[in-house]
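S.K.: Letter by letter, the sequence shown follows residues -20 to -1, 1 to 70 in mature numbering (1 follows the signal peptide of the UniProt record, and there is no 0). My structure is below; once you've seen it, I'll send some questions.
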Amino acid sequence: MKVLLLVSFLSTLLITMCSGDKLEDFLRSCRYPSGCLQLRENAYCISTTHPYGYNPLTKTCNRMSRIGCGYNTCNAFSTLEDCKKKCSSL
């Protein structure tokens, strides 16, 4: 029983930490094009809702394979077109 409760608690915690709602709330506060220059951290959560980001070294928008669960960047876009639209002036 204790193991089941622990697994349930840890599952809930992981889902809460990696929920997309926090990212949506954060992205509403972003300013562009300066937000395009924020770093994207490679981490343990795979982003399926905002997989695109701007790469200032190549000055292009690319698909990013991973992003952290904390979502501390405005450089996260749901589509390649959205990334290009907001970051094209850089």
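C-beta atoms are modelled at their ideal positions from N, C-alpha and C, and glycine is treated no differently. Treat the numbers as computed from the prediction; the structure is a model and nothing was measured.
1. Let me make sure I understand the geometry here. Which of G15, T29, S58 and S9 has the alpha-carbon closest to that of S69?
2. Three-state secondary structure (DSSP) at C41?
3. Report the rounded CA-to-CA distance for K65 versus K2, giving the unit in angstroms.
4. CB Q18 to CB T53, shorter than 7 Å?
5. How would you call L(-8), buried or exposed, if buried means at least 16 neighbouring beta carbons within 10 angstroms?
M.R.: The answer reads as follows:
1. Counted from its first residue, the sequence shown places residue 69 at position 89. If we check each option's Cα against that of S69, G15 comes out closest.
2. As a position in the sequence shown, residue 41 is number 61, starting the count at 1. DSSP places C41 in the strand class (E or B) of the three-state scheme.
3. Counting from 1 along the sequence shown, the entry for residue 65 is found at position 85. Counting from 1 along the sequence shown, the entry for residue 2 is found at position 22. Rounded to the nearest angstrom, the two C-alpha atoms are 23 Å apart.
4. Position 38 of the sequence shown, counted from the first residue, corresponds to residue 18. Position 73 of the sequence shown, counted from the first residue, corresponds to residue 53. The answer is yes: Cβ separation under 7 Å.
5. As a working note, residue -8 is residue 13 in the sequence shown. Interpretation of L(-8) is limited by its pLDDT of 47, a score under 50 that renders its predicted location unreliable; no figure is taken from the coordinates.
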